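Enquirer:
Protein chains in written order, with our numbering: chain A, 23 to 137; chain B, 57 to 126; chain C, 2 to 42.
(1) According to DSSP, is residue 27 of chain C part of a helix, a strand, or is it coil?
(2) Could you give the distance in angstroms between the alpha-carbon of residue 13 of chain C and the alpha-carbon of residue 31 of chain C?
(3) Which value, in whole angstroms, describes the spacing of the CA atoms of residue 9 of chain C and residue 26 of chain A?
(4) Residues in the segment 58-71 of chain B with C-beta within 7 Å of chain A's C-beta atoms, listed in sequence order?
(5) In the DSSP output, which residue or residues are listed as bridge partners for residue 50 of chain A?
(6) Output needed for residue 83 of chain B: all residues of its chain with C-beta closer than 7 Å, excluding positions within five of it in sequence on either side, in chain order.
(7) Relative to chain B, which residues along the segment 95-114 of chain A have a C-beta separation below 8 Å, given in chain order?
(8) Got a sec, what are the start and stop residues for the alpha helix (DSSP H) residue 80 of chain B sits in?
(9) Do we get a CB-CB distance below 9 Å when we pair residue 82 of chain A with the residues of chain C?
(10) Using a Cβ-Cβ distance cut-off of 9 Å, determine whether residue 26 of chain A contacts chain C.
(11) For residue 100 of chain B, return the contacting residues in chain A, with the cut-off set at a CB-CB distance below 9 Å.
(12) In chain A, which residues lie with their C-beta within 8 Å of the C-beta of residue 97 of chain B?
(13) Do residue 108 of chain B and residue 24 of chain C have their CB atoms nearer than 9 Å?
(14) I'd like the list of long-range same chain contacts for residue 75 of chain A, defined as Cβ closer than 8 Å, with 5 residues on each side in sequence excluded.
(15) Could you give the residue range of the alpha helix (DSSP H) that holds residue 34 of chain A?
(16) What three-state label does DSSP hand residue 55 of chain A in the structure shown?
(17) Considering Cα atoms alone, identify which of A:117, A:53, A:133, A:31 is closest to residue 78 of chain A.
(18) Output the distance between the C-alpha atoms of residue 97 of chain B and residue 126 of chain B, rounded to the nearest integer angstrom.
(19) If I follow the unbroken alpha helix (DSSP H) through residue 112 of chain A, where does it start and stop?
(20) Taking any Cβ of chain C, which residues in the segment 35-62 of chain A have a Cβ under 8 Å from it, in chain order?
(21) Would you report the Cα separation of residue 112 of chain B and residue 126 of chain A, rounded to the nearest angstrom?
(22) At the level of alpha carbons, what is the spacing between residue 58 of chain A and residue 100 of chain A?
(23) Check each candidate in B:94, B:74, B:99 and name the one with the smallest Cα separation from residue 58 of chain B.
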């Protein structure tokens, strides 16, 4: 079938890319995300814990307060929005005493808007 | 293109659903752009750390913003 | 699994193109990681 590897391609794949036990490398997997509000379409695939390395989306969260360089695809609006939120969190983390954000929006608060 | 077609079929609920050639080509191109962008950004991060070997850590650093860009 | 191998092979080839352009090398695990992300994407 055209969609799968030819024997020659398979040999290359097996030699260069396939992760074998002898390599002592863990298989990277992207963790399953559970959203309460969304029906989960993906079947939960069971992985042997020790043999896999869960790719982390949070380990480098502190780095996300600035845009990473791109190549041919620029950052999207929602990505810039994410970056600005992470930047705000970063600033809040280093604040002492009063919360600057609160002071900033406090003047605009009208209780009747809340009810 | 056939590989992409097969990938798309994994997610179809109705077995009769088909993907025409143009859609397959477009999806194949999009995935190629995605892979190259992921590789390029991770490589750039490795370079920023004066490293020649691109490791999973470099992919993880660029991953949140990469996923939001597609 | 055969489909994932096909994607993995293709991702490997694309990574090698980028590696040449940028004068870097991709570890086996990195190529597997990009494959996993692409597959889920």
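Virtual Cβ for every residue (Gly too), placed ideally from N, Cα, C. Since we're looking at a predicted model, the values are computed, not measured.
Expert: For this structure:
(1) Position 26 of the third chain, counting from 1, holds the residue named residue 27 of chain C. Strand, per DSSP.
(2) By 1-based counting over the third chain, the position of residue 13 of chain C is 12. By 1-based counting over the third chain, the position of residue 31 of chain C is 30. Going from the Cα of residue 13 of chain C to the Cα of residue 31 of chain C covers about 10 Å.
(3) Numbered from its first residue, the third chain carries residue 9 of chain C at position 8. Numbered from its first residue, the first chain carries residue 26 of chain A at position 4. Taking the straight line joining both Cα atoms gives about 11 Å.
(4) 58, 59, 61, 62
(5) Reading the first chain from its first residue, position 28 is the one you call residue 50 of chain A. DSSP output for residue 50 of chain A lists A:75 as bridge partner(s).
(6) Here residue 83 of chain B corresponds to residue number 27 of the second chain, with the count starting at 1. Result list for residue 83 of chain B: 60, 64, in chain order.
(7) 95, 96, 97, 98, 100, 101, 104, 105
(8) Taking the first residue of the second chain as position 1, residue 80 of chain B is located at position 24. 77-104 is the span of the alpha helix (DSSP H), which, as asked, contains residue 80 of chain B.
(9) By 1-based counting over the first chain, the position of residue 82 of chain A is 60. Not closer than 9 Å to any Cβ of chain C, the Cβ of residue 82 of chain A fails to qualify, so no.
(10) By 1-based counting over the first chain, the position of residue 26 of chain A is 4. True, the Cβ-Cβ gap to chain C drops below 9 Å.
(11) Taking the first residue of the second chain as position 1, residue 100 of chain B is located at position 44. The answer, in chain order, is 90, 91, 92, 93.
(12) If you number the second chain from 1, residue 97 of chain B lands on position 41. The contacting residues are 90, 91, 92, 93.
(13) As a working mapping, residue 108 of chain B is identified with position 52 in the second chain. As a working mapping, residue 24 of chain C is identified with position 23 in the third chain. Cβ atoms of residue 108 of chain B and residue 24 of chain C: closer than 9 Å.
(14) Translated into positions along the first chain, residue 75 of chain A becomes position 53. Around residue 75 of chain A: 48, 49, 50, 51.
(15) Residue numbering aside, residue 34 of chain A sits at position 12 when the first chain is read from its first letter. 29-34 is the extent of the alpha helix (DSSP H) around residue 34 of chain A.
(16) Indexing the first chain from 1 puts residue 55 of chain A at position 33. Residue 55 of chain A: coil per DSSP, three-state reduction.
(17) On the first chain, position 56 is the one that residue 78 of chain A refers to. Residue A:53 is the option with its Cα nearest to residue 78 of chain A.
(18) By 1-based counting over the second chain, the position of residue 97 of chain B is 41. By 1-based counting over the second chain, the position of residue 126 of chain B is 70. Whole-angstrom Cα-Cα distance: 14 Å.
(19) Along the first chain, one-based indexing puts residue 112 of chain A at 90. Residue 112 of chain A -> alpha helix (DSSP H) spans 99-115.
(20) 35, 38, 39, 40, 41, 45, 47, 48, 49, 50, 51, 52
(21) Along the second chain, one-based indexing puts residue 112 of chain B at 56. Along the first chain, one-based indexing puts residue 126 of chain A at 104. Roughly 40 Å between the two C-alpha positions.
(22) Numbered from 1 along the first chain, position 36 holds the residue referred to as residue 58 of chain A. Numbered from 1 along the first chain, position 78 holds the residue referred to as residue 100 of chain A. Between residue 58 of chain A and residue 100 of chain A, the C-alpha separation is close to 21 Å.
(23) Counting from one through the second chain, the residue named residue 58 of chain B turns up at place 2. Ranking the options by Cα distance to residue 58 of chain B, first place goes to B:74.
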